[in-house]
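Here's the structure we're looking at; comments come further down.
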Amino acid sequence: DTEVTQTPKHLVMGMTNKKSLKCEQHMGHRAMYWYKQKAKKPPELMFVYSYEKLSINESVPSRFSPECPNSSLLNLHLHALQPEDSALYLCASSQDGGETQYFGPGTRLLVL
Amino acid sequence: ILNVEQSPQSLHVQEGDSTNFTCSFPSSNFYALHWYRWETAKSPEALFVMTLNGDEKKKGRISATLNTKEGYSYLYIKGSQPEDSATYLCAFIIQGAQKLVFGQGTRLTINP
Numbered sequence: 589d590t591e592v593t594q595t596p597k598h599l600v601m602g603m604t605n606k607k608s609l610k611c612e613q614h615m616g617h618r619a620m621y622w623y624k625q626k627a628k629k630p631p632e633l634m635f636v637y638s639y640e641k642l643s644i645n646e647s648v649p650s651r652f653s654p655e656c657p658n659s660s661l662l663n664l665h666l667h668a669l670q671p672e673d674s675a676l677y678l679c680a681s682s683q684d685g686g687e688t689q690y691f692g693p694g695t696r697l698l699v700l
Numbered sequence: 109i110l111n112v113e114q115s116p117q118s119l120h121v122q123e124g125d126s127t128n129f130t131c132s133f134p135s136s137n138f139y140a141l142h143w144y145r146w147e148t149a150k151s152p153e154a155l156f157v158m159t160l161n162g163d164e165k166k167k168g169r170i171s172a173t174l175n176t177k178e179g180y181s182y183l184y185i186k187g188s189q190p191e192d193s194a195t196y197l198c199a200f201i202i203q204g205a206q207k208l209v210f211g212q213g214t215r216l217t218i219n220p
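Here it is as structure tokens:
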């Protein structure tokens, strides 16, 4: 199984809502990543978890809160987002840092 | 600030023709260069991971070369087919980091 799954595919939320994005992989990968991609821009790294510990936080605002409950799951908790946070959120995993990253299809988020 | 440049930004090619495009990256502290293909509404798919100067990799009709001394990589597609239509992203990793820094991508359209 070389698939990374993400749910939901689409999400519309208001600025006062709390929601979560979920990512799952069953490849035994020990590194997992969250990226944000705005239209016509490249994906930008947000967070890296390595062996279930947060290893990189690219100065992401605290309204985004990552969580890695176990080695197969990665969540991104969203609270009090702004309209400019509307984007495609991609999850990826790799065997270890620096190796090929396998991406999910993304969650397209719209903040109203 | 790491800067990864891809050119051209978009490309229209006639079916059956061959094409190539470029990824430029910083030549210092090089660790690896990744190429991904990203079709609309799908997950980015890993094509190549290149680590050694002079590397040449091939996957079917697609091949890539790497020059770490001058900081560039070329991706070649031979005999383009409509299914090659996608955005091709390169991503650079520096030594000691788990972070992929993506270029803006080359959007390739194959005209039947």
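Sequence order for the protein chains is A and B. Counting the first sequence from 1 gives a position; the numbering used here is that position plus 588. Counting the second sequence from 1 gives a position; the numbering used here is that position plus 108. Here a beta-carbon is modelled for each residue, glycine too, at the ideal position from N, C-alpha and C. All values reported here derive from a predicted model rather than from experimental measurement.
Contact under 8 Å by Cβ, Met603 (chain A) with Ser681 (chain A): no
Given a limit of 9 Å on CB to CB distance, which residues of the segment 121 to 155 of chain B reach chain A? Tyr139, Ala140, His142, Tyr144, Trp146, Ala149, Lys150, Ser151, Pro152, Glu153, Ala154
Would you tell me roughly how many angstroms separate the C-alpha atoms of Pro693 (chain A) and Pro654 (chain A), rounded to the nearest one? 18 Å
Run the CB neighbour count on His614 (chain A), radius 10 Å, all protein chains shown included, and call it buried at 16 or more, exposed below. exposed
Is the beta carbon of His617 (chain A) sitting closer than 8 Å to the one on Gln683 (chain A)? yes
C-beta neighbour in chain B for Ala627 (chain A), strict 8 Å: no
I need the boundaries of the beta strand (DSSP E) containing His598 (chain A), first residue and last residue. 598 to 601
Sufficient close CB pairs (3 or more, under 8 Å) joining the segment 154 to 168 of chain B to the segment 203 to 220 of chain B: no
In the DSSP output, which residue or residues are listed as bridge partners for Gln117 (chain B)? Gln117 (chain B) pairs with nothing; no bridge assigned.
Taking only the alpha-carbon atoms, compute the straight-line gap between Glu178 (chain B) and His667 (chain A) and give it to the nearest angstrom. 44 Å
Taking just the CA atoms, how far does Ser659 (chain A) sit from Ser650 (chain A)? 23 Å
Which same chain residues end up closer than 6 Å to Leu698 (chain A) when comparing Cβ atoms and leaving out the 5 residues on each side of it in sequence? Val600, Ser674
Under 7 Å from the C-beta of Gly211 (chain B): neighbouring residues of chain A: Pro630
Go ahead and pull the three-state DSSP assignment for Glu672 (chain A). helix
Have a look at B:Thr159, B:Ala154, B:Lys186 and flag the residue whose alpha-carbon is nearest the alpha-carbon of Thr137 (chain B). A small fix is needed here, since residue 137 (chain B) is Asn in this sequence, not Thr. Closest by alpha carbon: B:Thr159.
Which residue comes first and which comes last in the beta strand (DSSP E) that contains Phe138 (chain B)? 138 to 146
Threshold first: 4 residues or longer. Then list the alpha helix (DSSP H) segments lying entirely within the segment 609 to 666 of chain A, N to C. none
Is the separation between the beta-carbon of Val678 (chain A) and that of Gln625 (chain A) shorter than 8 Å? The displayed chain sequence assigns Leu, not Val, to residue 678 (chain A). Yes; because the gap between Cβ atoms is below 8 Å, this pair is in contact.
Would you list the residues sitting across from Gln594 (chain A) in a DSSP beta bridge? A:Cys611
Where Thr595 (chain A) falls, given that 16 or more other Cβ within 10 Å makes a residue buried: exposed
Output yes if chain A places a C-beta closer than 8 Å to the C-beta of Leu197 (chain B); else output no. yes
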